[in-house]
Amino acid sequence: MSSILLNQKDIARAISRISHEILEKNKGAENIALIGIRTRGVTFSSRLKQKINDIENTEVAIGALDITLYRDDLGAGLQKPQLKKTEIAFALEGKHVVLCDDVLFTGRTIRAAIDALMDFGRPASVQLAVLVDRGHRELPIRPDYVGKNIPTPKSKRVQVHLKEIDKEDKVIIEEPVK
Amino acid sequence: MRTLIKNGHLIDPANKKNAKFDLLINKGKIEAVEPKGKLKDIADSKIIDAQGVIVAPGFCDMHVHFREPGHEYKETIQTGSESAAAGGFTTVAVMPNTSPVNDNRSVTDFILTQAKETSNINILPIGAITKGLKGEALSDMGELKEAGCIGYSDDGRPVSDSEIMRRALEYSKMFDLPCIQHSEVLALTEGGSMNEGVVSTELGLKGMPTEAEDIMVHRDISLLPKTGGRLHVAHISSGGSVDLVRQAKKKGLPVTCEVAPHHFTLTHEACRGYNTNAKMSPPLRTDSDLELIQEGMRDGTIDIIATDHAPHDLVDKQVEFSKACFGIVGLETALPLTLKMVDKKIISLEKAIDMLTFQPNRIFGLDKGTLGVGKAADITLFDHRKEYSIDPSKFKSRSKNSPYKGWKVRGKILHTLVNGKTVFKSN
Amino acid sequence: MTQTVTLSQQNIITTKDLDANDIQLILDTADSFKEISTRAIKKVPTLRGRTIINLFFEPSTRTRTSFEIAGKRLSADVINISGAGSSVVKGESLIDTAKNLEAMSPDILVVRHNCSGAPSLISEFVNCPVINAGDGMHEHPSQSFLDLLTIREHKGTLKGLKVAIVGDIAHSRVARSNIQAMQTMGMKVKVVAPPTLIPVEIEKMGVDVCYDLGQGIKDADVIMILRIQLERQNQGLLSSLREYSNYFCLTTNHLSNVSDETLIIHPGPVNRGIEISLDVLEGPRSMILNQVTNGVAVRMALFYLLLGESDANPN
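Chains as they are written, first to last, in numbering that gives the first Met the number 0: chain L, 0 to 177; chain W, 0 to 426; chain C, 0 to 314.
Right, here's the structure in full:
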């Protein structure tokens with residue numbers, strides 16, 4: 000049983016608005032770097048990069064971060080999450096890094112991402128852009144840019160589908176698979 | 000008091016009996032053997048009801064290592080004899096690779112004294128061919144025979160020097176005892192710990208090729224005509240050697256040979272996983288060798304079954320494969336493993352008992368392995384149908400180094416008697 | 000949902016026990032670890048607080064260092080124990096050494112020993128995973144994985160590639176591990192050596208045998224050169240290193256019949272001029288230094304994938 004929280008148009012509008020907000024807060028596209036958290040955060044960051052380019056005619060730096068090695072729940076079983084690659088081809092010094100993720104929930108992923116970033120270098124600032132904030136934070140983490148605030152019961156699953164990966168754009172909420 | 004064993008099925012190859020016979024024992028000897036029912040119940044005789052049971056001469060193992068003197072932590076003459084009795088063996092020949100080596104009378108005397116005091120089965124010593132097993136100088140074969148030795152061997156080691164082996168065969172002729180050779184060309188097997196083949200290649204272990212055995216068997220057989228000595232090939236393992244013995248016998252040469260149960264039931268595949276309980280010398284060989292050995296049993300080329308019972312403690316076995324001692328215990332698994340050859344129709348039940356009783360005694364000139372009237376009442380009763388699972392932890396031997404743990408087998412020793420006295424009874 | 004993955008084995012002792020999925024997983028994971036060694040801060044916190052013991056009964060600098068660096072880059076505590084000067088010299092048995100270490104709760108044991116089967120024996124007596132870093136003539140699995148990673152990086156794929164392994168096959172644990180792993184990955188292997196250095200019945204392991212270097216490397220996509228040891232001459236296996244070199248040293252001449260795309264690898268250390276000439280060693284096909292880099296990544300991957308189960312339930 001699932002219902003749609005955001006449809007394709009909602010997502011497109013959110014991305015447009017977030018792109019404007021990033022440019023507004025940082026007074027332009029200079030020294031901005033978008034770093035997407037694998038996997039859908041990377042897709043999200045690509046869309047933001049495209050939109051920013053449409054608005055400001057500037058290509059901002061973009062990278063992909065795999066936070067598996069920084070998770071706080073490893074070693075709890077033999078099953079390992081599949082490692083994917085981290086690709087950050089530029090120095091972080093002097094950059095305003097905007098971490099991009101599809102869903103913000105407990106905040107643990109972002110905590111891991113910040114730790115990972117610190118091992119790469121010392122950015123001028125780290126900001127957070129998320130498509131959906133569903134609440135239930137377990138750590139003191141707050142987003143700078145939010146597509147949509149959607150309070151949800153903790154037990155349900157919120158899934159972001161992006162057409163580059165999932166055939167269509169939508170955000171759905173559903174009962175967890177038993 | 001007499002003992003009457005009745006209702007049993009008697010198999011006595013020495014006297015060509017294989018039918019229901021009853022047997023009467025008096026004063027440690029066999030007093031009478033008559034068809035079932037013929038012997039009247041004699042007053043005050045103990046009755047052993049052998050219904051459904053095979054009654055055979057006590058088995059004889061011409062190749063065991065009892066480690067005393069010197070390595071008593073592995074086995075003593077006492078524990079070895081208990082193991083033998085539990086396996087249905089009433090006579091064993093102990094190899095001289097003790098510490099000190101049995102190459103002189105004082106060690107032989109010690110062994111016999113220990114046997115008299117602590118063993119309830121017959122222990123026969125085998126004397127060393129060369130002093131200290133060094134392969135350099137002949138031992139005093141005459142003295143050894145007088146002390147009671149029934150054959151000569153450097154087992155554990157081969158007599159490598161051809162000249163020494165030639166002289167050993169010549170000299171032993173004077174005493175009419177066989178030279179038992181552990182056939183191994185050491186130069187070909189140096190550093191080896193298992194058969195040389197695909198398994199040793201995969202496990203990354205140096206191998207011991209069959210040629211090492213074949214070449215020495217061939218050499219020793221070649222030395223027979225002019226020397227006039229008698230050769231007994233110990234623990235034959237290579238298909239090639241079996242054929243060499245076959246051809247030599249056809250020529251009428253005085254050669255005999257023995258096989259250990261592990262060489263007719265296992266191959267080098269048992270070494271996978273670095274199982275040190277599959278490490279012995281000569282090593283387990285290939286499927287092809289196994290088949291040729293079984294064929295050799297079938298056509299009589301292989302004369303006797305001898306376990307090469309080689310007890311080793313965990314300290315010697317629970318180590319890196321290349322460092323582990325060679326050998327496994329065998330007295331308590333000999334019967335069930337031999338019966339597997341009967342199941343496979345390689346040999347008949349009667350032939351199996353023959354290879355464990357009459358043949359060993361014929362070759363070594365002993366007055367054992369027979370249920371003839373007047374002979375010592377050394378008797379083994381076994382249930383050839385009883386099925387069970389082998390459990391080395393229950394062995395009477397001090398050592399439990401056996402690869403047969405968990406094997407489903409049939410053939411349980413029920414009762415072993417030596418000189419009419421019970422030396423083992425199963426519960 | 001995060002996709003979880005796991006190896007089918009809890010120890011890395013032989014490549015024979017690993018299937019194609021396992022090997023693929025190890026290579027993919029290693030690939031992701033490579034990037035860490037290019038950062039300024041070459042560390043991730045993944046194995047923080049874990050204890051890795053390198054138990055090296057046989058001396059080794061490169062392999063041990065590679066395992067040590069791999070563990071440290073994952074933030075683990077790495078302890079090195081060598082055979083010489085340890086309790087082993089005082090006569091302690093292998094099993095007692097292992098049990099004593101186990102009582103100190105290591106998370107992983109890495110074992111190198113000169114007896115085939117030693118890591119296997121140790122694994123029967125410890126609870127933690129055991130990685131075989133080379134046992135006698137038997138196997139050296141992590142070397143095989145780094146070889147495969149190096150090959151895959153340059154060829155894009157493994158399946159269908161032809162490999163020629165040249166050298167002392169009979170005594171080589173690297174050869175055995177690779178023969179098995181390569182066949183699992185659908186590669187075709189040929190061994191090239193004088194007859195005395197080819198192990199008995201190796202054809203039954205699925206490889207072709209060749210006594211001629213030129214013939215052996217023809218059409219090869221990868222040429223693996225193994226070290227030849229001086230001791231073999233004294234064991235009657237070689238007449239002299241000079242004659243071995245005449246027939247089996249890989250030189251530029253041999254490479255004129257071989258594609259430019261053919262890779263040359265060697266597990267090291269290299270006997271220059273004996274098994275490979277200097278100009279080939281330093282030539283464009285040689286991937287030897289890449290192998291060393293990949294070695295750290297592969298060993299990081301093994302540590303990561305073997306991370307032991309804990310009693311704690313994440314839920």
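We put the beta carbon where it would ideally sit given N, CA and C, even for glycine.
Output, in chain order, the set of chain C residues within a Cβ distance shorter than 7 Å of W/Lys322. Counting from 1 along the second sequence, the entry for residue 322 of chain W is found at position 323. Under the 7 Å cutoff, chain C gives Cys114.
Residues within the stretch 205-217 of chain W neighbouring chain C, beta-carbon criterion of under 7 Å: Within the stretch 205-217 of chain W, the residues whose Cβ lies closer than 7 Å to some Cβ of chain C are Gly206, listed in chain order.
For W/Leu9 and C/Asp16, what's the separation of their Cα atoms in angstroms? Translated into positions along the second sequence, residue 9 of chain W becomes position 10. Translated into positions along the third sequence, residue 16 of chain C becomes position 17. Cα to Cα, the separation comes out at about 52 Å.
Based on Cα-Cα distance, which residue from L/Ala112, L/Ile140, L/Lys155 lies nearest to L/Val41? Position 42 of the first sequence, counting from 1, holds the residue named residue 41 of chain L. Residue L/Ala112 holds the alpha-carbon nearest to the alpha-carbon of L/Val41 among L/Ala112, L/Ile140, L/Lys155.
From which residue to which residue does the alpha helix (DSSP H) around C/Lys98 run? Residue numbering aside, residue 98 of chain C sits at position 99 when the third sequence is read from its first letter. If you look at C/Lys98, you'll find it in the alpha helix (DSSP H) that goes 93-101.
Would a check of beta-carbon distances place C/Pro198 closer than 8 Å to chain W? As a first step, residue 198 of chain C is located in the third sequence; it is residue number 199 there, counting from the start. Interface residue (Cβ-Cβ distance to chain W less than 8 Å): C/Pro198 is classified as such.
Through-space distance from W/Leu132 to W/Ile122, alpha-carbon basis: On the second sequence, position 123 is the one that residue 122 of chain W refers to. On the second sequence, position 133 is the one that residue 132 of chain W refers to. Cα to Cα, the separation comes out at about 21 Å.
Hey, out of W/Arg156, W/Glu33, W/Asp298, W/Leu168, whose CA is closest to W/Met140's CA? Along the second sequence, one-based indexing puts residue 140 of chain W at 141. Relative to the Cα of W/Met140, the nearest Cα in the group W/Arg156, W/Glu33, W/Asp298, W/Leu168 belongs to W/Leu168.
Apart from the five residues just before and just after L/Glu86, which ones in its own chain have a Cβ nearer than 7 Å to its Cβ? For the purposes of this step, residue 86 of chain L is taken as the residue at position 87 of the first sequence. Taken in chain order, the residues that qualify are Gly62, Ala63.
Contacting residues, own chain, Cβ-Cβ under 6 Å from W/His262 (five flanking each side not counted): For the purposes of this step, residue 262 of chain W is taken as residue 263 along the second sequence, with counting starting at 1. Ser236, Ile292, listed in sequence order.
Quick one: measure Cβ to Cβ for C/Phe302 and C/Leu73, integer angstroms, because I've assumed they're closer than 8 Å. Within the third sequence, the letter at position 303 stands for residue 302 of chain C. Within the third sequence, the letter at position 74 stands for residue 73 of chain C. 6 Å between Cβ atoms; contact.
Exposed or buried, what is C/Ile153 when buried is set at 16 or more other beta-carbons lying within 10 Å of its beta-carbon? Position 154 of the third sequence, counted from the first residue, corresponds to residue 153 of chain C. Reading off the sequence shown, one finds His at residue 153 of chain C, where the question assumed Ile. Exposed: under 16 other Cβ atoms inside 10 Å.
Does the stretch 220-237 of chain W touch the stretch 167-185 of chain W, meaning 3 or more C-beta pairs lie closer than 8 Å? Segments in contact, yes.
Could you pull the start and end residues of the beta strand (DSSP E) that W/Glu257 belongs to? Counting from 1 along the second sequence, the entry for residue 257 of chain W is found at position 258. Per DSSP, W/Glu257 belongs to the beta strand (DSSP E) from 254-258.
Quick check on C/His153: does DSSP put it in helix, strand or coil? Locating residue 153 of chain C in the third sequence gives position 154, counting from the first residue. For C/His153, the secondary structure class from DSSP, reduced to helix, strand or coil, is helix.
Between the CA atoms of C/Ser104 and W/Ala323 - distance to the nearest angstrom: Residue mapping note: residue 323 of chain W aligns to position 324 of the second sequence, counting from 1. Residue mapping note: residue 104 of chain C aligns to position 105 of the third sequence, counting from 1. Between the alpha carbons of W/Ala323 and C/Ser104 lies a gap of roughly 28 Å.
Interface flag, L/Phe104 vs chain C, CB-CB below 8 Å: As a position in the first sequence, residue 104 of chain L is number 105, starting the count at 1. Under the Cβ criterion of 8 Å, L/Phe104 is not counted among the residues facing chain C.
On the DSSP letters alone, give me the boundaries of the beta strand (DSSP E) that W/Thr112 sits inside. Working through the second sequence from its first residue, we reach residue 112 of chain W at position 113. First-last for W/Thr112: 104-117, but that is the alpha helix (DSSP H), not the beta strand (DSSP E).
Which residues in the same chain as C/Pro313 place their Cβ atom closer than 7 Å to its Cβ, once the five residues preceding and following it in sequence are excluded? In the third sequence, the residue the question calls residue 313 of chain C occupies position 314. Note that C/Pro313 has pLDDT 32, beneath the 50 cutoff, so the model's placement of it is unreliable and the number below is only indicative. Once the five neighbours on either side are set aside, C/Pro313 has no close Cβ partner at all.
Which chain W residues sit within Cβ distance under 8 Å of C/Glu138? Along the third sequence, one-based indexing puts residue 138 of chain C at 139. Residues of chain W passing the Cβ test: Gly203.
Rounded C-beta distance between W/Cys148 and W/Gly126? I'm assuming under 8 Å. Position 149 of the second sequence, counted from the start, is the residue given in the question as residue 148 of chain W. Position 127 of the second sequence, counted from the start, is the residue given in the question as residue 126 of chain W. Going by Cβ atoms, the distance from W/Cys148 to W/Gly126 rounds to 4 Å, so yes, they are a contact pair.
Interfacial residues, the stretch 263-293 of chain W to chain C, with Cβ spacing under 8 Å: Close to chain C, meaning a Cβ-Cβ distance shorter than 8 Å, are the following residues of the stretch 263-293 of chain W: Gly272, Tyr273.
Express the C-alpha separation of C/Val221 and C/Val257 in angstroms, rounding to a whole number. Taking the first residue of the third sequence as 1, we reach residue 257 of chain C at position 258. Taking the first residue of the third sequence as 1, we reach residue 221 of chain C at position 222. Between C/Val257 and C/Val221, the C-alpha separation is close to 10 Å.
Pair within 8 Å by beta-carbon distance, W/Glu33 and W/Arg1: Along the second sequence, one-based indexing puts residue 33 of chain W at 34. Along the second sequence, one-based indexing puts residue 1 of chain W at 2. At the C-beta level, W/Glu33 and W/Arg1 stay beyond 8 Å of one another.
Terminal residues of the beta strand (DSSP E) in which L/Asp132 lies: Along the first sequence, read from residue 1 onward, the residue named residue 132 of chain L stands at position 133. Per DSSP, the unbroken beta strand (DSSP E) holding L/Asp132 starts and ends at 124-132.
At least one CB of chain L closer than 8 Å to the CB of C/Ser31: is that the case? Stepping through the third sequence from its first residue, residue 31 of chain C is reached at position 32. For C/Ser31, the nearest CB of chain L lies under 8 Å from its own CB, placing it at the interface with that chain.
Which of helix, strand or coil DSSP assigns to W/Ile179: What you label residue 179 of chain W is simply residue 180 of the second sequence in a count that begins at 1. Residue state, collapsed to three classes: strand.
For W/Arg409, report the span of its beta strand (DSSP E) as first-last. Here residue 409 of chain W refers to the residue found at position 410 when the second sequence is read from its first residue. Counting along the chain, the beta strand (DSSP E) containing W/Arg409 begins and ends at 407-417.
Starting from W/Gly196, find everything on chain C with Cβ-Cβ shorter than 9 Å and list it in chain order. Position 197 of the second sequence, counting from 1, holds the residue named residue 196 of chain W. Contact note: W/Gly196 reaches chain C through Val199, Glu200, Lys203, using a C-beta cutoff of 9 Å and chain order.
Please report how far the alpha carbon of W/Gly238 lies from the alpha carbon of W/Val232, in whole angstroms. The residue labelled residue 238 of chain W in the question sits at position 239 within the second sequence. The residue labelled residue 232 of chain W in the question sits at position 233 within the second sequence. Going by the C-alpha atoms only, they are around 13 Å apart.
Could you tell me the alpha carbon to alpha carbon distance between W/Ala85 and C/Arg175, rounded to whole angstroms? What you label residue 85 of chain W is simply residue 86 of the second sequence in a count that begins at 1. What you label residue 175 of chain C is simply residue 176 of the third sequence in a count that begins at 1. Distance between the alpha carbons of W/Ala85 and C/Arg175: 45 Å.
Between which two residues does the beta strand (DSSP E) containing W/Thr356 stretch? Here residue 356 of chain W refers to the residue found at position 357 when the second sequence is read from its first residue. Counting along the chain, W/Thr356 falls outside any beta strand (DSSP E), and DSSP gives it neither H nor E.
Inter-stretch contact at 8 Å, needing at least 3 Cβ pairs: the stretch 208-219 of chain C / the stretch 47-57 of chain C: The stretch 208-219 of chain C, when compared against the stretch 47-57 of chain C, does not touch it at the 8 Å Cβ threshold.
Min CB distance W/Val318 to chain C below 8 Å: In the second sequence, the residue the question calls residue 318 of chain W occupies position 319. So yes, W/Val318 belongs to the interface.
Helix, strand or coil for L/Leu116 per DSSP? Here residue 116 of chain L refers to the residue found at position 117 of the first sequence. Correct three-state label for L/Leu116: helix.
Straight-line Cα distance separating W/Tyr273 from W/Gly196: Locating residue 196 of chain W in the second sequence gives position 197, counting from the first residue. Locating residue 273 of chain W in the second sequence gives position 274, counting from the first residue. C-alpha separation (whole angstroms): 15 Å.
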